[in-house]
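*Asks:* When we follow UniProt numbering, the leftmost residue of the sequence shown carries the number 1, and every step to the right adds one. The beta carbon of each residue, even a glycine, is placed where N, CA and C say it ideally should be. Structure below; questions to follow.
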Amino acid sequence: MSKDTGADTRSSGPRGTHRHDRIRVLGARVNNLKDVSVEIPKHHLTVFTGVSGSGKSSLVFGTIAAESQRLINETYSAFVQGFMPALARPEVDVLEGLTTAIVVDQQRLGSDPRSTLGTVTDAHAMLRILFSRIGRPHVGPPSAFAFNVPKRTASGAMNVDKGKGKRVVVRKAVYHGGMCAHCEGRGTSSDIDLTQLYDDSRAIGDGAFTIPGWKQDSFWTTRVYAESGVLDPKKPIREFTEKEMHEFLHGEARRVKVDGVNLTYEGLIPKLQKSMLSKDKDALQPHIRAFVERAVTFVPCPECEGTRLSAEARSSKIGGISIADACAMEVRDLAAWLRGLDEPTVAPLLAKLEHTLDALVEIGLGYLSLDRPSGTLSGGEGQRVKMIRHLGSALTDTTYVFDEPTTGLHPHDIQRMNELLLRLRDKGNTVLVVEHKPETIAIADHVVDLGPRAGADGGQVVFEGSLQGLRGSGTLTGRHLDDRAGLKETVRTPKGALEIRGACTHNLRSVDVDIPLGVLCVVTGVAGSGKSSLIRGSVTHRDGVVAVDQSPIKGSRRSNPATYTGLLDPVRNAFAKAGGVKPGLFSSNSEGACPTCDGAGVIYTDLAMMAGAAITCEDCEGKRFDAAVLDYRLGGRDISEVLAMPVDEAREFFGSGEARVPAAHRILGHLADVGLGYLEIGRPLTTLSGGERQRLKLATHMGDKGGVYVLDEPTAGLHLADVEQLLGLLDRLVDSGKSVIVVEHHQAVMAHADWIIDLGPGAGHDGGRIVFEGTPADVVAARSTPTGEHLAAYVGR
């Protein structure tokens, strides 16, 4: 490992080089870390670099932050710990000098339909108090403006003994909320395509239902309609009378008996609302999610016009503005409106609310509105929202841990993020940042570079020291730190165009644009300029379009690349054919599972309020399969040995000879194409980094037949050295006859494009327009937009 001890003498930021001013890590072995030892200076900004999968997150999040959180939890009583998640001690010999760690990651803020930017920042709670105090007419307490509180709860009464034989009935107070009763505070109503639910030419007792999972012999689905006596099971649905149709679709819940079993009968629509439509779509199984997307269209609630609030809540106003109007404003406009209020009685509340809104503007999110659903925020936007509560905090000597805070930021916005990170440091905190962008690596007081490669070839500290030392270190990061992609000498000629006319989703201003086909088209613009609104609203829903977005991968620790990509199916079939047995035998989640650990590979012991213990299963030695299953071999390898192979090795294994499996070889080729050749195909999805998960998702779509590929920031989580490989992949897709549309901020991707569509000029209501179209060379020559300025600087023009 190269080491540069000059890093801690830089003049920028607080200093401290004594032993007690360092976080010392000795012998860290979390995931792929190989006895890593490192000393991190406190009160400095340390950036952790290295290729995706090199071990950065394992060191920063899985070791340092995890142990800090565990030690904090141990300060609580055993009773309190019983209500907290059990955290195991990371696999590390020594951790010294830890302070309280606050993790500001890219985990989504949640997709509860009633969660908004206003609720997660507490700005909506402060607005509710404001309107309950000075709104006119006065309609009630703060809860009267809450869209997640019903208008009134079930009232009841109790008999109270007043003495001397007198008893009176006292009614409970009615709890007054502001929820719209029609949409239950969601702001949308679902319009259901009934043709997706049933075939009306058939009877309900004759297989009429076409809903996934509704089997003909199920008590809780089909039989409750066919055998409850409520409807004629032999009458085709199209022949139902108006009354029968209402009973079928909207009938009220009641108890019925089917074959001696007590069940609840209710109309088909409310039944589906409860079982499928009220749940987070991302949590549904893929085939159920596809059905919901086909069958349901969500439209603004006709009662509240999408505001989520009751008529009473909307009737109360301050200066002609209702709370719904206030939440619909862009944050920067709302802040300006509040500053114009002269209300001494609520001055402290106004000051607190203005501070929160100003922080959102300062962090670059002034273009958002408080009614924006939190589940629609990008990972980068969500991470910046989480920063709000820390920027004004009085805490010092805290360790802040950031996961690629520049994700989703245009080069124009990165400088502002850098200033925020430095401000946290200058308050006397330790700031640890996992990052790939050179602009943020450049502000580091100290750099820790992990590698030399990814997976089993990573997990080592290959350099620690100053930025200058990193440049001369010879590591992969050091060699690529100053990489600059040049403009293409020639660009491809389009083969047609995808026409968009009058696009007005969110802040788009009736945009007309022709997206060229048969080329690599990059859509750029500052955060909030309308890029995603244009592409998601006008492109991704079209036939033949394959969209690879940044939504998270769902999967448990039993899921792995082999199961996620469908690779395991042809592999199991090949083993079954070679051994003359059933494919299910080669699944650790089915018949072939080790009976001792149930296919988990570990035995987990719950220790109540203490951290649970997970030890490797002694019977299967962590291989997850029954011993008898491992007697079956394909090409000399058993199933556990195959799942332990990296992608590149498995690709060669299934490419020829006795183990030749073309279907498996094809899928493995896609994984190699996206740069995951080092990844073990049986590695749990829960241990993959963000960049690895993103590329895994891309690999699953590589074989799709769609003619247009839409990629949303595919460089997210990619090391500088990996960007070149991504550009080669994009070229191969276009050269194979695909049209590729990329929403991206990375200048290397912009420079490599055949055509650029730039939105802006600003964010929110200052954006939503096409400000430039042309080749990268045209964009650079014009220098008329922030994108043009930054791209020109990047390519040295």
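Report the start-end ranges of each alpha helix (DSSP H) in the region 451-508 that is 4 residues or longer and not cut off at the edges.
*Replies:* Qualifying alpha helix (DSSP H) stretches, in chain order: 467-471, 476-480.
*Asks:* Between the C-alpha atoms of residue 620 and residue 86, what's the straight-line distance to the nearest angstrom?
*Replies:* Each residue's Cα considered, the two are about 26 Å apart.
*Asks:* Is residue 238 buried or exposed, if buried means 16 or more other CB atoms sit within 10 Å of its CB?
*Replies:* Exposed: under 16 other Cβ atoms inside 10 Å.
*Asks:* Is residue 48 helix, strand or coil by DSSP?
*Replies:* Here residue 48 sits in strand by DSSP.
*Asks:* Unbroken alpha helix (DSSP H) runs of length 4 or more, entirely within the region 521-551: which are they?
*Replies:* Here the runs fully enclosed are 531-538.
*Asks:* Under 8 Å between the Cβ atoms of residue 34 and residue 383?
*Replies:* No; because the gap between Cβ atoms is not below 8 Å, this pair is not in contact.
*Asks:* Just reading off the beta strand (DSSP E) that residue 188 is part of, what are its end residues?
*Replies:* That run of the beta strand (DSSP E) goes 188-192.
*Asks:* In three-state terms, what does DSSP make of residue 179?
*Replies:* Note: residue 179 maps to strand in three-state DSSP.
*Asks:* State buried or exposed for residue 76, treating a residue as buried only when at least 16 other CB atoms are found within 10 Å of its CB.
*Replies:* It counts as exposed.
*Asks:* The beta strand (DSSP E) that contains residue 734, what's its start and end?
*Replies:* Here residue 734 belongs to no beta strand (DSSP E); instead the alpha helix (DSSP H) covers 720-735.
*Asks:* Look at the Cβ atom of residue 723, then the Cβ atom of residue 676, and state whether they are nearer than 8 Å.
*Replies:* It is not a contact, given that the beta carbons lie outside the stated cut-off.
*Asks:* Can you name the start and end residues of the beta strand (DSSP E) that residue 228 belongs to?
*Replies:* Residue 228 -> no beta strand (DSSP E), and no H or E assigned at all.
*Asks:* Rounded to the nearest angstrom, what separates residue 151 and residue 49 at their Cα positions?
*Replies:* The straight-line gap from Cα to Cα measures roughly 52 Å.
*Asks:* Could you give the DSSP three-state label for residue 789: helix, strand or coil?
*Replies:* Correct three-state label for residue 789: helix.
*Asks:* Is DSSP giving residue 402 helix, strand or coil here?
*Replies:* The answer is strand: DSSP assigns residue 402 an E or B state.
*Asks:* What residue does the beta strand (DSSP E) around residue 755 start on, and which one ends it?
*Replies:* 755-760 is the span of the beta strand (DSSP E), which, as asked, contains residue 755.
*Asks:* The beta strand (DSSP E) that contains residue 516, what's its start and end?
*Replies:* Unbroken beta strand (DSSP E) run through residue 516: 511-516.
*Asks:* Nearest by alpha-carbon distance to residue 391: which of 411, 375, 431, 413 is it?
*Replies:* The candidate whose alpha carbon is nearest that of residue 391 is 431.
*Asks:* Determine the burial state of residue 262: buried for a count of at least 16 other Cβ atoms within 10 Å of its Cβ, exposed for fewer.
*Replies:* The residue in question, residue 262, is exposed, as its Cβ has fewer than 16 Cβ neighbours within 10 Å.
*Asks:* In chain order, what are the residue ranges of uninterrupted beta strand (DSSP E) at least 3 long that sit wholly in the region 96-138?
*Replies:* Here the runs fully enclosed are 101-104.
*Asks:* Expressed to the nearest angstrom, what Euclidean distance is found between the alpha-carbon atoms of residue 343 and residue 132?
*Replies:* One C-alpha to the other measures close to 13 Å.
*Asks:* Between the C-alpha atoms of residue 511 and residue 293, what's the straight-line distance to the nearest angstrom?
*Replies:* Rounded to the nearest angstrom, the two C-alpha atoms are 26 Å apart.
*Asks:* Between the region 492-512 and the region 464-479, can you find at least three pairs of beta-carbon atoms closer than 8 Å?
*Replies:* Too few Cβ pairs lie closer than 8 Å, so no.
*Asks:* Helix, strand or coil, according to DSSP, for residue 257 in the structure here?
*Replies:* Strand, per DSSP.
*Asks:* State yes or no: is the C-beta of residue 379 within less than 8 Å of the C-beta of residue 407?
*Replies:* It is a contact, given that the beta carbons lie within the stated cut-off.
*Asks:* Taking one C-beta from the region 774-793 and one from the region 746-761 each time, how about it: are there three or more such pairs within less than 8 Å?
*Replies:* Yes, the region 774-793 touches the region 746-761.
*Asks:* Could you tell me the boundaries of the beta strand (DSSP E) in which residue 771 lies?
*Replies:* Residue 771 -> beta strand (DSSP E) spans 769-774.
*Asks:* Taking Cβ to Cβ, would you say residue 685 is nearer than 8 Å to residue 553?
*Replies:* Against a cut-off of 8 Å, the Cβ pair of residue 553 and residue 685 comes out as a contact.
*Asks:* Using 8 Å as the cut-off, can you tell me whether the region 349-362 makes contact with the region 393-407, which would need three or more C-beta pairs spanning the two stretches below that distance?
*Replies:* At 8 Å Cβ cutoff, the stretches do not touch.
*Asks:* Would you mind giving the Cβ-Cβ distance between residue 797 and residue 789, rounded to the nearest angstrom? I have them listed as a contact below 8 Å.
*Replies:* Contact flag wrong, Cβ pair sits at about 10 Å.
*Asks:* Taking the alpha carbon of residue 320 as the point to measure from, which residue in 337, 377, 591 has its own alpha carbon closest?
*Replies:* Comparing Cα-Cα distances from residue 320 to each of 337, 377, 591, the minimum goes to 337.
*Asks:* Rounded to whole angstroms, what is the Cα-Cα separation between residue 214 and residue 742?
*Replies:* Taking the straight line from one Cα to the other gives about 39 Å.
*Asks:* Given residue 196, which residues of its chain have a CB within under 6 Å of its CB, disregarding the five upstream and five downstream residues?
*Replies:* If we look at residue 196 and ignore the five residues flanking it on each side, its Cβ neighbours are 294, 295.
*Asks:* Which residues does DSSP pair with residue 195 in a beta bridge?
*Replies:* In DSSP, residue 195 forms no bridge with anything.
*Asks:* Could you tell me which residues DSSP puts in a beta bridge with residue 265?
*Replies:* Note: residue 265 sits in a beta bridge opposite 254.
*Asks:* Measure the C-alpha to C-alpha separation of residue 639 and residue 679 and round it to an integer number of angstroms.
*Replies:* Their Cα atoms are separated by approximately 17 Å.
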